[in-house]
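Sequential numbering from 880 applies to the sequence shown in this note's numbering. Glycine included, every Cβ here is placed at the ideal spot set by N, Cα and C. Since this is a predicted model, take the numbers as computed values, not measurements. Take a look at the structure set out below.
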Amino acid sequence: MELKTYQTQTLATLRKFLEQARVVGPGAAYEAIVAEPEMAKRLKGFAGSYKALNGSGETPYVCLRLPTGGGKTVLAAHAVNIAKETWIERDFPLVLWLVPTTTIRKQTVDALKNPRHPYRAALDDAFAGRVRVFDIGDFTQLLPHDLRSNCCVVVATIQTLRVKDTEGRKVYAHHEMLEPHFTGVPDRMPGLELIEDGRGAGTIKFSFANLMHLHQPLMIVDEAHKAVTGLSREMQSRVNPTAIIEFTATPRTNSNILHSVSAQELKDEEMIKLPVMLAEHQTWQAAVTGAISKRAELAEDASRERDYIRPIVLFQAQNKDEEVTVAVLRQHLIDVEGIEEHRIAVATGDQRELDGINLFDPDCEIDFIITVEALKEGWDCSFAYVFCSVANIHSATDAEQLLGRVLRMPYAKRRSVPSLNRAYANLTSKSFSEAAYALRDRLVAMGFEEGEAEDNILPEQLDLNEGLFGHARRPQPSVAVSLDALPAAVKELEAAAPSKVRVTAGEDGKAVVKITGFLSPAEKQKLIAALPKAEAGGFSEQIASYEAEHLHQASPAERGETFIVPALMAWVQGELELADTDILMEYHDWSLADHSPKLEAKDFAIQATADTFEIDIDQQRLFVKHADQSAQLLLDIPVEGWSEQTLVLFLDRQVRDKFIGQGELVRWLTELVNCLTGPRNIPLSALMQCKYPLARKVKERITEIRAKEREGVYQRSLFAPEAKPEISFDSGFVFADDMFAGVRTYRGSYRFSKHFTGWDQVAAFDGADDGEELNCAKLLDSLPAVKHWIRNVPKHPAAFWLPTASGKFYPDFVAELTDGRILVVEYKGAHLTDAADTDEKRAIGALWEKASDGKGLFLMAEKQVDGKDVRGQMLAKVR
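Structure representation (structure tokens):
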């Protein structure tokens, strides 16, 4: 399974941390990474000083934060190999995988044992299929040979080990079957629990806990917010982990949060359904009816999709001592709503009607699921679209976990019918604002930032959009147009503009099409084309009258104005291509053979001491203990079987690259190893026992080579005398209404008059809402020569970018001037100190301007340049 971009970035941060921790220690590595400007911006308030585990600064302990639906468990599977390569440096580590509940434990064991499951596939790929998985109840089946020859994963609940009194706990009890693991271990080895003989002496207890302490497992903790009590810390000390990696959507303050993923990143990767369309109801019965009605609408929409989707409603009933219990709700569905019994399933601790049911099977007839909290974690069906809570949501403490069940996108792929890209919540509350705030709090509890949560809650009733969460909104006018058709006959009209159009029944039973806001020309055309011919003429006239009265309130984007920023293009082998360095590299043939594989002493050196190897890598020092040569470290090959070829094949597996042919790579690695064992005279045994640090250095060398090749391609294609870059409006970036929907917006009091998508849809600025970037936006907005402008959202799939040698550069603002020219502005704040990065951005911006032949202007704005403030710099550039 190919990982999403945000997942790859999360794992890259983990790898970087463990690599640096190997050299400078976990605390220094953590604090260096979270202090980086890009990471500090990502972590916001989550970063802090490193908190060592029970005072042990030598054990890496970090938390990775991903919102619900982000794929925490698949990342955990990939994290095992990263920890192996960067910290543990054993071919076959022992993994203790902790989960919060017995249900999830069973699901995790089943998934990790299934060779077709992505979790197991990630482990099999990393360990060449040499993986063994044990449920905690089967730990006595774990043999010494298993630990030597396989990556062994033991899955347990946190509660299994988290006890003050170890008496009576199987994992702390003495088991004769575990005796082979302790052969040759000194009786008084520190940290191991003993069986006391009453005379102050004793023998080692053959317990699972002692086995863990002896082998120092990698500890993976799923839903880590369940495991942070002081008692858990005591448990972790007993286990003696080599490293702890936690995964959660809602970390606690005492977690070392290393990387944080935003909900927007999940939405951009089509992992979750957003926004959440909220409908509030005065009574629980009305909420149930609304949820059933919405499911019926979605089922109709799903019938037009190529992939099979069966929308499901997830009902949250109340506890047994309250009014609307599971039984009451189920009977209401049958007696009042007329739902057939076979379409309803109950999933509680007592009733487990989903066990053994494949909800994705087209033959499955279940459309409604009732639970209380049994689906909190570990249950996953992306067909769940509608969440309905019959309780006042303020009292529904488990609502956030249940709501998370309806956010996952089917097949992790955007659907062609817009309504199927959204989630739906029907809540019981006294007022819309109460429901909205309660839903926002639930989303925040699931890992959304507050601004993200607010931007991703939309009212099902379109006319309630104004003033949501107390933030100013542009007034949204509306018009209702009556038709002679029945509502069911024209229901598909909503697909023309699902956030603006609703079809309801009038008092006479005929269809009423309600439009809120403004239709773009394309939406209007699509809507009119879908109308019966007899209705189209009169409908068009009413819309024209409505627009004549209200169109002055619309933003330029809503009025259908075009705003295109031209893309930079490059000529490559006679073809004009988008100037994306990744694309340019596809045209470039390069070979490792053109680059020396030699590692000099300053790059990599080994010095043997009594019981360790002292390794110098780029003037940084780390230590590796001499391996127990009877352990047969590498694929069970004995020490006498070690050879240069063995090391080359190991390095090949570690640094393999899809852009480099394996034959080419093996030849280059063979020469590298020969240089180390020949002219450098480093013993092969030392290289084998230090093979993981060596592999990291080789991977860094290949990365440096590729970066050098990319820089060369970038310079030749765009900046060389023979290069002839151009710009293209046809391949340009098109800005349109709702293109940045769901992105966190500016919440300040200033009202911009020229923002392309309206003053209430300005994407949030970097840093504080009242910072330097906001001031730059105000000045741009006030410039007489500016027709309209837009805040460009960094790394958004639809945003404007210019190429750099290493990736893409997203300028802060783009504007169209009254004379038709395009102005691109990047604001260089005082906090930005990377001169090389700034120079590269300035250079590519100037190249884009030059290639535009007067159609484009680029400005790198600073607080003061040659006596001019930001406004002065803008005026000078425009003139």
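If you follow the alpha helix (DSSP H) that Asn-1074 is part of, which residue opens it and which one closes it? Going by the sequence as given, residue 1074 is Ile instead of Asn. Run containing Ile-1074: none in the alpha helix (DSSP H); it sits in the beta strand (DSSP E), 1073–1075.
Taking all protein chains shown into account, decide if His-1138 is buried (16 or more other Cβ within 10 angstroms of its Cβ) or exposed. buried
Could you tell me the distance, in whole angstroms, from the CA atom of Gly-1650 to the CA atom of Glu-1741? 13 angstroms
Would you decide whether Glu-1695 is buried or exposed? Buried here means 16 or more other CB atoms lie within 10 Å of its CB. buried
When you compare the CB positions of Ile-1015 and Ala-1035, do they come within less than 8 angstroms of one another, or not? yes
Cβ-based neighbour list, Tyr-1706, same chain, cut-off 7 angstroms, excluding 5 preceding and 5 following: Glu-1651, Glu-1652, Cys-1655, Asp-1691, Ala-1740
Under the DSSP definition of a beta bridge, which residues are partnered with Ser-1308? Looking at the DSSP assignment, Ser-1308 forms no beta bridge with any residue, so it has no partner.
My output table needs one value for Phe-1247: the three-state DSSP class, helix, strand or coil. strand
Alpha-carbon spacing of Arg-1183 relative to Lys-1292, whole angstroms: 15 angstroms
Entirely enclosed alpha helix (DSSP H) segments - the region 1106–1142, minimum 4 residues: 1109–1118
Exposed or buried, which one is Asp-1497 when buried takes at least 16 other CB atoms within 10 Å? exposed
Quick check on the burial criterion: 16 or more other C-beta atoms within 10 angstroms. Buried or exposed for Arg-1532? exposed
Assuming Val-1503 and Glu-910 make a contact with CB atoms under 8 angstroms, what is their CB distance in whole Å? About 25 angstroms separates the two Cβ atoms, so there is no contact after all.
Which residue comes first and which comes last in the beta strand (DSSP E) that contains Leu-1696? 1692–1696
Decide if Met-1056 is buried, meaning its Cβ has at least 16 other Cβ atoms within 10 Å, or exposed. exposed
Helix, strand or coil: which one does DSSP assign to Ala-1446? strand
Have a look at Leu-922 and Glu-1113 and give me their C-alpha separation to the nearest angstrom. 28 angstroms
Ignoring anything shorter than 3 residues, give me the beta strand (DSSP E) runs that lie fully in the region 950–1016, in order along the chain. 973–978, 1010–1014
Kindly indicate which three-state DSSP category Gly-1751 falls into: helix, strand or coil? helix
Using the Cβ count rule (16 or more neighbours within 10 Å means buried), how would you classify Arg-1630? exposed
Backbone CA spacing between Gly-950 and Leu-973 [nearest angstrom]: 23 angstroms
Phe-1085 versus Asp-1025 - alpha carbon distance: 17 angstroms
Ignore the nearest five residues each way along the sequence and tell me which others in Thr-1082's own chain have a CB closer than 8 angstroms to its CB. Asp-1066, Leu-1073, Ile-1074, Asp-1076
Using only the alpha-carbon positions, how far apart do Ala-1401 and Glu-1216 sit? 39 angstroms
Length of the line joining the Cα atoms of Gln-1195 and Cys-1260: 16 angstroms
Would Pro-994 be called buried (16 or more neighbouring beta carbons within 10 Å of its own) or exposed? exposed
In the DSSP assignment, what are the bridge partners of Gly-1735? Ile-1701
Which same chain residues, not among the five before or five after Asp-1718, have their C-beta less than 7 angstroms away from its C-beta? none
Three or more C-beta pairs below 8 angstroms linking the region 1583–1602 and the region 1679–1690: yes
Taking the straight line between their C-alpha atoms, what separation do you get for Thr-887 and Met-1150? 14 angstroms
Report the residue from Asn-1029, Gln-1210, Gln-1524, Arg-1048 whose alpha carbon sits nearest the alpha carbon of Gln-1038. Arg-1048
In this structure, does DSSP put Pro-1517 in helix, strand or coil? Residue confidence for Pro-1517 is low, a pLDDT of 45 falling below 50, so the modelled location carries little weight and cannot support an answer.
Quick one, are the C-beta atoms of Leu-1551 and Val-1534 less than 8 angstroms apart? no
Based on DSSP bridge pairs, tell me the residues matched to His-1160. Thr-1307
Secondary structure at Cys-1260, three-state DSSP: helix, strand or coil? coil
Identify the residues that DSSP records as bridge partners of Arg-1381: which are they? Lys-1393
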